[in-house]
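Everything on this sheet refers to the single structure shown next.
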Amino acid sequence: MEGKPDRLSAAAAAPTHPAKPGGPRYDWGRAVRALRRLFKNKEDTAEVFEIMYALNGRAYAEDYARLLATADGGRIAYERVEFAERLLDDAWVAEFPPGSVGAAYRAFQTTEHLTMGGLIEESHKALPASELDQRHPYAWWFRRIRDLHDIWHVLTGYGRDALGEMCLAAFAYQEVRGPGWALIVTGGFLRCHGPAAGAARRAMLEARARARRAAWLPGEDYEQLMFEPLEAARERLRLLPPPRAYEAVPPELRNLTII
Numbered sequence: 099m100e101g102k103p104d105r106l107s108a109a110a111a112a113p114t115h116p117a118k119p120g121g122p123r124y125d126w127g128r129a130v131r132a133l134r135r136l137f138k139n140k141e142d143t144a145e146v147f148e149i150m151y152a153l154n155g156r157a158y159a160e161d162y163a164r165l166l167a168t169a170d171g172g173r174i175a176y177e178r179v180e181f182a183e184r185l186l187d188d189a190w191v192a193e194f195p196p197g198s199v200g201a202a203y204r205a206f207q208t209t210e211h212l213t214m215g216g217l218i219e220e221s222h223k224a225l226p227a228s229e230l231d232q233r234h235p236y237a238w239w240f241r242r243i244r245d246l247h248d249i250w251h252v253l254t255g256y257g258r259d260a261l262g263e264m265c266l267a268a269f270a271y272q273e274v275r276g277p278g279w280a281l282i283v284t285g286g287f288l289r290c291h292g293p294a295a296g297a298a299r300r301a302m303l304e305a306r307a308r309a310r311r312a313a314w315l316p317g318e319d320y321e322q323l324m325f326e327p328l329e330a331a332r333e334r335l336r337l338l339p340p341p342r343a344y345e346a347v348p349p350e351l352r353n354l355t356i357i
């Protein structure tokens, strides 16, 4: 690349801090400001990407190395499938059989009025396409984790209410070990209030405990996983039993206890 390297490429060359979107150093100020905005509007997904952009790069680099050490990781990394493109392929999504992970994901997207295109758009609000869409292993890994978020909702059983998002963040922290997820979870844990505050905190702690028992989800082959029966996949990935502490919080309180 000629001229001044962009931030992601410069980060890739840093010997002590592996590359991350946004540069080799943690930007806690940016992350905390984004967290405050997120708590004002939990639907503002761009703020989540701001936090990940500011804090998670080293974790993503380490997880990419972890992928290469798995049995299928070398192949997955070599093929470097852009999973968003698969999920934007209506014909492929229509192939998911009834009862499969993919069918549950398809229903989740419809019920929650979500689209992969919308998720990509939100990520670009935090990170310019010129950086996020680079042909670089760490940029690809950042996109991969982004694209799997709603699939993890389906696999783990956490909804899109505020508590469900906090529980999934706690789960993701254990899986990805990114400080960005830790910041979100800590903020949510401290922010819990009202009659269900204790139950909400128990649900978040349960989420992290479930992740400790679970398989390493980032390293799964999702082109195959989407066609697996949902309950069989949950059992194989050690995601059973379901999130009982989360389910014990009345649905009408799952937003109010955090926001």
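The opening position of the sequence shown corresponds to residue 99 in our numbering, with each subsequent residue numbered one higher. All C-beta atoms, glycine included, are put in the ideal place defined by N, C-alpha and C.
Burial is judged here by how many other beta carbons sit within 10 angstroms of a residue's own beta carbon; A159 has at least 16 and is buried. If you ignore the 5 residues before and after E326, its C-beta comes within less than 8 Å of the C-beta of S198, V199 and R334, all in its own chain and listed in chain order.
Spatial neighbours of A346 in its own chain (CB-CB distance under 7 Å, excluding positions within 5 residues in sequence) are listed in chain order as A297. Taking a 10 Å sphere around the C-beta of G286, we find 16 or more other C-beta atoms and assign the residue as buried.
For I174, same chain residues with a beta-carbon under 7 Å away, outside a window of 5 residues either side, are L165 and D319 in chain order.
In the three-state scheme derived from DSSP, where H, G and I count as helix and E and B as strand, P327 is classed as strand.
D125 is the residue among D125, L288 and E177 whose C-alpha sits nearest the C-alpha of L153. Spatial neighbours of R310 in its own chain (CB-CB distance under 8 Å, excluding positions within 5 residues in sequence) are listed in chain order as Q272.
One Cα belongs to E177, the other to R242, and the distance between them is close to 13 Å. By the neighbour-count criterion, in which 16 or more other beta carbons inside 10 Å mark a residue as buried, S221 falls on the buried side.
Put simply, the backbone Cα of P348 is about 13 Å away from that of A260. Judged by pairs of C-beta atoms under 8 Å, the region 273 to 280 does not touch the region 221 to 231, as fewer than three such pairs exist.
Taken atom to atom, the span from the alpha-carbon of P341 to that of G292 is near 21 Å.
With a contact defined as Cβ atoms closer than 8 Å, F206 and D245 miss out at about 14 Å. E141 counts as exposed, since fewer than 16 other C-beta atoms from the protein chains shown sit within 10 angstroms of its C-beta.
At a Cβ-Cβ threshold of 8 Å, W250 and L315 count as neighbours. Here S198 is bridged, per DSSP, to P327.
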